[in-house]
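Working notes, structure below.
Protein chains in written order, with our numbering: chain A, 13 to 217; chain B, 13 to 217; chain C, 13 to 217; chain D, 13 to 217.
Okay, here's the thing in structure tokens:
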């Protein structure tokens, strides 16, 4: 049964469809848990689109960000799913943040940035370490744009140091990842519901 | 008039009282704005206490963390105020995070970590750059422990690159810092009120 | 007079030529100082090329990274010049790191990664803070790929918090930035010369 | 046979002696490899000393940093060994960086900061992820103070996500960690030797 909430996952793997992607797998698992709680979900694999470098809402000239942007505006919950490269979020994830930066100057009729009342959570994978730092940079940037972060708002998996196993190649999803993913869905829905019932006031100018 | 909420600022300057501290100044300004909204506030300058290294709730042997910990448990809103050293939060701020790490294994009667429903915001100063990254690391660590982060939950000031001016020595507080501090107070109160009315469920085991 | 060294600046602004770019300005100033010391210099504005997402040396299908890659291979000194967006290096800078990641599996005839004996330095600008953290992430990633970092290997400029002035719009370059840029050139040449005279041994397998 | 070089490991575990420490174990293994190459080595477990908060070379009043500082001054190679807490370096590691910050204003007779010509490498452990980011922050801060970073200058081990195994409890040291530790020793000695033969010029004022 629908709870009236919508969630969008932006999957920021470097690999175009239809290649298998660990980030898409974990992001999808989080969407499944959100759907099980009554959320209407959708997913965009950003690398399949021509998202231009820049910090405007529309860079013109075939830029495909505007269609993704509209889906972010329509969602109550944003799932940012990224793999770890060199210990960092991907260039595709950073590009999403750069494009969302334009939202800071967009205001609704009450003078509030367009991302207010929305909730952001993260799903991070990597064959080597990075999840804590990527969480940090995602939360800081998404919060700056206006997203709220629910308690313990990240699910993740990194392999042991100097390893090369991918999340998608694990024989089974580790139990703790399963329960963390379920919890993140629960907390995201809880906070999105609370903020829908009680929207933030406008910032002080 | 009280709104029933309490806020605690942990000031993590490296300088013991009564030296003037820029972090204490900005943290205090944020507390003032919270008080103006009806919040009961208090402040701890952590370096004045003997907070032992370790990751237990009480390291024994004269450890003064337990009294600070109790104040964190009693607060609805935590303000973490830190200066920037080498581009990083201080060793005192990191020690607070290490000591709060013990809370992950403490649960309330509903099986929820002790920091659930609490809101964290940050106040960061520095004569050189660092606020965005310190925000990132604070939000990630405090969120991991259980704190929720309200929209745009940080006020900050960094001087121009390679400069040596301190926030406390500015002739007047920049207007944008004033309005940001007011906004952070507004958003923290908004979220703390919402979470008090509607507490999080327990995580999935 | 040439000292036999070559330097390449990769400018990772989000803006295509011929727009003015602060990162290109500071990166260019560093190249000028290197040239004054006898280094043969060149510059690539990466966003003008179609650098595909991926972690192979050549992603095929019109990927223009291979031509940039060859210039990196030919250089003794790499200057990574990036602006600050959301407190982070740009998506273009991160893409350069992702593409260089492929070099870890390329070895020379002595079993050494292709980037050994090369020196990396950084040039970072931003109207808001970020230089210290971007320095951190650049040094970690470039060092992982094989670059050595000379003492105090970064020149940078960030404006005061919540400001919107760009480096390129300053009335004059701050004296400390000028002298830091000169020093970085000096140290990069010193280390590159030392490593050219005395190449690293191969890693232990 | 001695090569005339000295190395100092600062171990920044939160646990006082004689508790077993994973950071001390990996830091010690790196010292052993340095000793095998002819380096004279020593080790300080920083938490066993009363290192005061502050950013002066001597904070007075029983501050034990000055004795550690002298050992840093006497060393050609600095090994910074830290565990991972909350994804970050420890408060003890950050305190070491804060205290070394004072060195920026200390100059030798040629006008060079006291840490010039010294080489820094890192040894990082953690039951969860963090090594890449801690490497980043250590390299940035130590480089700022004057240390040079040799190619691939870090050895590390992090366990799989959400795990609780410590490096010291592994049945055997993973082969890749062993070879990486050996390589880091090799590269540190190579660079320290080169810089001893050919010291940096003074920075431009």
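Positions of the beta carbon are idealized from the N, C-alpha and C atoms, including for glycine.
Selected residue, minimal CA-CA separation from residue i, among the options
{"i": "residue 199 of chain D", "options": "D/140, D/157, D/134", "result": "D/134"}
{"i": "residue 174 of chain B", "options": "C/70, C/141, C/99, C/32", "result": "C/141"}
{"i": "residue 168 of chain C", "options": "C/183, C/159, C/147, C/18", "result": "C/147"}
{"i": "residue 189 of chain C", "options": "C/201, C/27, C/42", "result": "C/42"}
{"i": "residue 24 of chain A", "options": "A/86, A/56, A/205, A/193", "result": "A/56"}
{"i": "residue 119 of chain A", "options": "A/149, A/164, A/145, A/69", "result": "A/69"}
{"i": "residue 129 of chain B", "options": "A/46, A/203, A/197, A/99", "result": "A/203"}
{"i": "residue 81 of chain A", "options": "A/28, A/22, A/187, A/29", "result": "A/22"}
{"i": "residue 17 of chain D", "options": "D/38, D/37, D/46, D/36", "result": "D/46"}
{"i": "residue 227 of chain A", "options": "A/187, A/48, A/186, A/172", "result": "With chain A covering only 13 through 217, there is no way to say anything about residue 227 of chain A."}
{"i": "residue 160 of chain D", "options": "D/44, D/212, D/29", "result": "D/212"}
Interface residues of chain B facing residue i [CB-CB closer than 9 Å]
{"i": "residue 168 of chain C", "result": "141, 173, 174"}
{"i": "residue 147 of chain A", "result": "148, 151, 152, 155, 156"}
{"i": "residue 100 of chain A", "result": "Correct list: empty, because the minimum Cβ distance to chain B is about 12 Å."}
Pairwise C-alpha distance: residue j and residue i
{"i": "residue 191 of chain B", "j": "residue 216 of chain C", "result": "56 Å"}
{"i": "residue 101 of chain A", "j": "residue 95 of chain A", "result": "6 Å"}
{"i": "residue 124 of chain D", "j": "residue 214 of chain D", "result": "5 Å"}
{"i": "residue 31 of chain B", "j": "residue 79 of chain D", "result": "26 Å"}
{"i": "residue 127 of chain A", "j": "residue 162 of chain D", "result": "44 Å"}
{"i": "residue 210 of chain C", "j": "residue 103 of chain A", "result": "35 Å"}
{"i": "residue 53 of chain B", "j": "residue 143 of chain B", "result": "24 Å"}
{"i": "residue 34 of chain C", "j": "residue 181 of chain C", "result": "8 Å"}
{"i": "residue 20 of chain B", "j": "residue 193 of chain B", "result": "15 Å"}
{"i": "residue 50 of chain C", "j": "residue 86 of chain C", "result": "16 Å"}
{"i": "residue 206 of chain B", "j": "residue 15 of chain B", "result": "12 Å"}
{"i": "residue 27 of chain C", "j": "residue 98 of chain C", "result": "16 Å"}
{"i": "residue 166 of chain A", "j": "residue 195 of chain A", "result": "9 Å"}
{"i": "residue 84 of chain A", "j": "residue 66 of chain D", "result": "45 Å"}
{"i": "residue 149 of chain B", "j": "residue 177 of chain A", "result": "27 Å"}
{"i": "residue 117 of chain D", "j": "residue 58 of chain D", "result": "23 Å"}
{"i": "residue 183 of chain A", "j": "residue 158 of chain B", "result": "30 Å"}
{"i": "residue 232 of chain C", "j": "residue 105 of chain C", "result": "The displayed coordinates of chain C run from 13 to 217. Any statement about residue 232 of chain C would go beyond what the structure contains."}
{"i": "residue 179 of chain C", "j": "residue 186 of chain B", "result": "20 Å"}
{"i": "residue 208 of chain D", "j": "residue 164 of chain A", "result": "49 Å"}
{"i": "residue 39 of chain A", "j": "residue 29 of chain C", "result": "36 Å"}
Residues that residue i contacts on chain C, provided the C-beta gap is smaller than 9 Å
{"i": "residue 6 of chain D", "result": "The first residue shown for chain D is 13 and the last is 217, placing residue 6 of chain D beyond what the model contains."}
Partners in chain A for residue i, counting only beta-carbon separations shorter than 9 Å
{"i": "residue 57 of chain C", "result": "Result: empty, since nearest Cβ-Cβ is about 11 Å, beyond 9 Å."}
Neighbour list for residue i in chain D, Cβ cutoff strictly below 9 Å
{"i": "residue 194 of chain A", "result": "Correct list: empty, because the minimum Cβ distance to chain D is about 14 Å."}
Chain C contact residues for residue i, given Cβ-Cβ distances below 7 Å
{"i": "residue 165 of chain D", "result": "155"}
{"i": "residue 217 of chain D", "result": "191"}
{"i": "residue 198 of chain D", "result": "213, 216"}
Per-residue contacts from residue i into chain D (C-beta, under 7 Å)
{"i": "residue 161 of chain C", "result": "151, 155, 160, 161"}
DSSP-derived helix/strand/coil call for residue i
{"i": "residue 9 of chain A", "result": "Only positions 13 to 217 of chain A appear in the structure, and residue 9 of chain A is not among them; the question remains open."}
{"i": "residue 87 of chain D", "result": "coil"}
{"i": "residue 200 of chain A", "result": "helix"}
{"i": "residue 168 of chain D", "result": "strand"}
{"i": "residue 173 of chain B", "result": "coil"}
{"i": "residue 81 of chain A", "result": "helix"}
{"i": "residue 117 of chain D", "result": "helix"}
{"i": "residue 26 of chain C", "result": "coil"}
{"i": "residue 69 of chain B", "result": "coil"}
{"i": "residue 50 of chain B", "result": "coil"}
{"i": "residue 214 of chain D", "result": "coil"}
{"i": "residue 131 of chain B", "result": "strand"}
{"i": "residue 189 of chain C", "result": "helix"}
{"i": "residue 14 of chain C", "result": "coil"}
{"i": "residue 160 of chain A", "result": "strand"}
Partner residues on chain D for residue i, Cβ-Cβ distance less than 8 Å
{"i": "residue 202 of chain C", "result": "210, 212, 213"}
{"i": "residue 26 of chain B", "result": "65, 66, 67, 110"}
heavy atom of the ligand SAH below 8 Å from residue i C-beta
{"i": "residue 179 of chain C", "result": "Of the ligands one can find in the structure shown there are none, so the ligand SAH has no counterpart to examine."}
Chain B contact residues for residue i, given Cβ-Cβ distances below 8 Å
{"i": "residue 95 of chain D", "result": "Ordered by position in chain B, no residue passes the 8 Å Cβ test against residue 95 of chain D, which lies about 10 Å from the chain."}
Chain G within 9 Å of residue i, Cβ atoms only
{"i": "residue 44 of chain D", "result": "Judged by its chain identifiers, the structure shown contains no chain G, and its protein chains are A, B, C and D."}
Within chain C, partners of residue i - CB distance below 8 Å
{"i": "residue 104 of chain A", "result": "65, 103"}
Partners in chain A for residue i, counting only beta-carbon separations shorter than 7 Å
{"i": "residue 113 of chain C", "result": "97, 98"}
Pairs of beta-carbons, one from the region 129-148 of chain B and one from the region 85-102 of chain B, closer than 8 Å: are there three or more? Taking 8 Å as the limit for Cβ pairs, the verdict is that the region 85-102 of chain B does touch the region 129-148 of chain B.
Counting Cβ pairs closer than 8 Å, one from the region 152-162 of chain A and one from the region 107-116 of chain A, do we hit at least three? Yes, the region 152-162 of chain A touches the region 107-116 of chain A.
Pairing CB atoms from the region 50-62 of chain A with CB atoms from the region 71-78 of chain A, are three or more of them under 8 Å? In short, these stretches touch, since the Cβ pair count reaches three.
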